[in-house]
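Asks:
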Amino acid sequence: MTVTFNHTIIASKDKQASAAFYRELFELPEAPSWEPFVNVQLDEGVLLQFAEPPVDIQMQHYAYLVDDELFVRCLAFVEGRGITYWADPQLKREGETNTEHGGRGFYFFDPAGHAIEIITRPYL
């Protein structure tokens, strides 16, 4: 058997709102969910499971690989909602995208405060 990534739980302040944000960002349909999770299904069956843990949420970093066309739409989604974004993880190049690793990328924070990276080419 090969190793593939199956799911992760993403802590959020409002699991419904966070899941809706990701569905809109990535243009995805609703996925079946069950308590205590609201699920968003990516390609290959990968699940993002949003939950509201009874603890302070610590920022995590999540990077998503998208094609060039979806990249343009994701950037427009972020800009259209007035979300600040940067070309770099140090958050110094505000309002820019990068051309690292032969593709394009940018960083922003999701509604729960997690650092999100959108890229068009994998690093390796």
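Residue numbers (my numbering): 39 to 162. Heads up, the beta-carbon is just placed ideally off N, CA and C, and yes, glycines get one too.
Pop quiz: Q76 and K53 are said to be a contact at Cβ under 8 Å. What is the actual Cβ separation, rounded to whole angstroms?
Replies: The residue labelled residue 76 in the question sits at position 38 within the sequence shown. The residue labelled residue 53 in the question sits at position 15 within the sequence shown. Note that residue 76 is Val in the sequence shown here, rather than Gln. Contact between V76 and K53 holds, with the beta-carbon distance rounding to 5 Å and staying under 8 Å.
Asks: Who does H45 pair with in a DSSP beta bridge?
Replies: Position 7 of the sequence shown, counting from 1, holds the residue named residue 45. DSSP output for H45 lists L85 as bridge partner(s).
Asks: From the DSSP secondary-structure annotation, give me the bridge partner or partners of G143.
Replies: For the purposes of this step, residue 143 is taken as the residue at position 105 of the sequence shown. Partner(s): N136 and I157.
Asks: With F109 and Y123 assumed to form a contact (beta carbons below 8 Å), what rounded beta-carbon distance in angstroms separates them?
Replies: The count along the sequence shown starts at 1 and reaches residue 109 at position 71. The count along the sequence shown starts at 1 and reaches residue 123 at position 85. About 12 Å separates the two Cβ atoms, so there is no contact after all.
Asks: Quick check: the Cα distance between E155 and T46, rounded to an integer number of angstroms?
Replies: Within the sequence shown, residue 155 is the residue found at index 117, counting from 1. Within the sequence shown, residue 46 is the residue found at index 8, counting from 1. Straight across, the Cα-Cα distance linking E155 with T46 is about 16 Å.
Asks: Looking at the strands, I want to know which residues DSSP matches up with V164.
Replies: With the chain covering only 39 through 162, there is no way to say anything about residue 164.
Asks: Which residue comes first and which comes last in the alpha helix (DSSP H) that contains L63?
Replies: Here residue 63 corresponds to residue number 25 of the sequence shown, with the count starting at 1. Annotation for L63: the continuous alpha helix (DSSP H) segment containing it runs K53 to F64.
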